Amino acid sequence: DASLTANGWVSGLVASSAGCAVLNPAEAVLIGLVAGALVIFGIEILELRMKVDDPVGAIPVHAVGGIWGLLAAGIFGPHALLPQIVGVATLVGLVLPMSYGLNWLLDRVLRQRVAAEGERQGMDLFELGAGAYPDFVTRPDDLFRR
Numbered sequence: 002d003a004s005l006t007a008n009g010w011v012s013g014l015v016a017s018s019a020g021c022a023v024l025n026p027a028e029a030v031l032i033g034l035v036a037g038a039l040v041i042f043g044i045e046i047l048e049l050r051m052k053v054d055d056p057v058g059a060i061p062v063h064a065v066g067g068i069w070g071l072l073a074a075g076i077f078g079p080h081a082l083l084p085q086i087v088g089v090a091t092l093v094g095l096v097l098p099m100s101y102g103l104n105w106l107l108d109r110v111l112r113q114r115v116a117a118e119g120e121r122q123g124m125d126l127f128e129l130g131a132g133a134y135p136d137f138v139t140r141p142d143d144l145f146r147r
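Pasting the structure below:
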């Protein structure tokens, strides 16, 4: 699958860049390979089990790859595991709930949901007037705005 392959590459880059100051090339490759494998499970869990619509896999790529990269930098870096664990705990325990809460509050004031027709057509067609992926269209009339 081309999309999963690309997500694996990006997740590997995300993970290996977390410890770029302390990793040698072999460690970076190993961390990237693990991240590439983990992102597949992250996408499956997010979309199939949690029913979160993430069409490009950005959340698992950056969250799973990033958290793994931070922990791996601590594993491979000298005396760095505990600070990395504290950093990940801060991200997951403070930053994630705070970001979610602020977005929830913002959504109550200024709706972040797109129109139903935009969901049906896809936002590329609805807002820009052209389909981003014409090869995937099942009905030719969907390529043009009504």
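Its first residue numbered 2, the sequence shown is counted upward by one per residue in my numbering.
Every residue, glycine too, gets a C-beta built ideally from N, C-alpha and C.
The structure displayed is predicted, hence computed values, not measured ones.
- Query: Leaving out the 5 sequence neighbours to the left and right, which residues in its chain are closer than 7 Å to Val-89 when beta-carbon positions are compared?
  - Reply: The residue you call residue 89 lines up with position 88 of the sequence shown. Closer than 7 Å at the Cβ level, and outside the excluded window around Val-89, lie Ile-68, Leu-71 and Leu-72.
- Environment of Ile-61 [buried if 16+ CB atoms lie within 10 Å]: In the sequence shown, counting from the first residue as 1, residue 61 sits at position 60. The question names Ile, but residue 61 is Pro in the sequence shown. With 16 or more Cβ atoms within 10 Å of its Cβ, Pro-61 is classed as buried.
- Message: Comparing C-alpha positions only, which one of Ala-74, Ala-27, Leu-49 and Ala-59 sits nearest to Ser-4?
- Response: Along the sequence shown, one-based indexing puts residue 4 at 3. Among Ala-74, Ala-27, Leu-49 and Ala-59, the Cα nearest to that of Ser-4 is on Ala-59.
- Message: Judging by CA-CA distance, which residue of Gly-102, Ala-116, Leu-95 and Asn-8 is the nearest neighbour of Gly-43?
- Response: Here the question's residue 43 lines up with position 42 in the sequence shown. Minimum Cα distance to Gly-43 is reached at Asn-8.
- Provide the residue span of the alpha helix (DSSP H) that contains Arg-109, from first to last. Sequence index remark: in the sequence shown, residue 109 carries index 108 (1-based). It spans 97 to 110 - the alpha helix (DSSP H) in which Arg-109 sits, taken as one unbroken run.
- C-alpha gap between Ile-86 and Gly-66, whole angstroms: Against the sequence shown, residue 86 aligns to sequence position 85. Against the sequence shown, residue 66 aligns to sequence position 65. Going by the C-alpha atoms only, they are around 15 Å apart.
- From the DSSP output, in three-state form, read off His-63 for me. Residue numbering aside, residue 63 sits at position 62 when the sequence shown is read from its first letter. Reduced to three states, the DSSP call for His-63 is helix.
- Query: Given 8 Å as the limit, is there contact between the region 74 to 81 and the region 16 to 27, that is, 3 or more CB pairs closer than that?
  - Reply: yes
- Task: Determine, using beta-carbon pairs with one atom in the region 30 to 38 and one in the region 8 to 20, whether at least three such pairs fall under 8 Å.
- Result: yes
- Message: Between which residues of its own chain and Ala-81 is the CB-CB distance below 6 Å, once the five residues before and five after are set aside?
- Response: Taking the sequence shown and counting its residues from 1, one reaches residue 81 at position 80. For Ala-81, where only same-chain residues beyond five positions count, the Cβ hits under 6 Å are Gly-75.
- Item | Where the alpha helix (DSSP H) through Leu-83 begins and ends | Here residue 83 corresponds to residue number 82 of the sequence shown, with the count starting at 1. From DSSP, the alpha helix (DSSP H) with Leu-83 extends over 82 to 91.
- Residues near Glu-47 by beta carbon distance below 7 Å, same chain, minus five either side: The residue labelled residue 47 in the question sits at position 46 within the sequence shown. It should be pointed out that residue 47 corresponds to Leu in this sequence rather than to Glu. Closer than 7 Å at Cβ, skipping near neighbours: Val-53, Asp-55, Ile-60 and Pro-61.
- Look at the alpha carbon of Arg-1 and the alpha carbon of Leu-126, and state the distance between them as a whole number of angstroms. Residue coverage of the chain in this structure runs from 2 to 147, which leaves residue 1 outside it and unanswerable.
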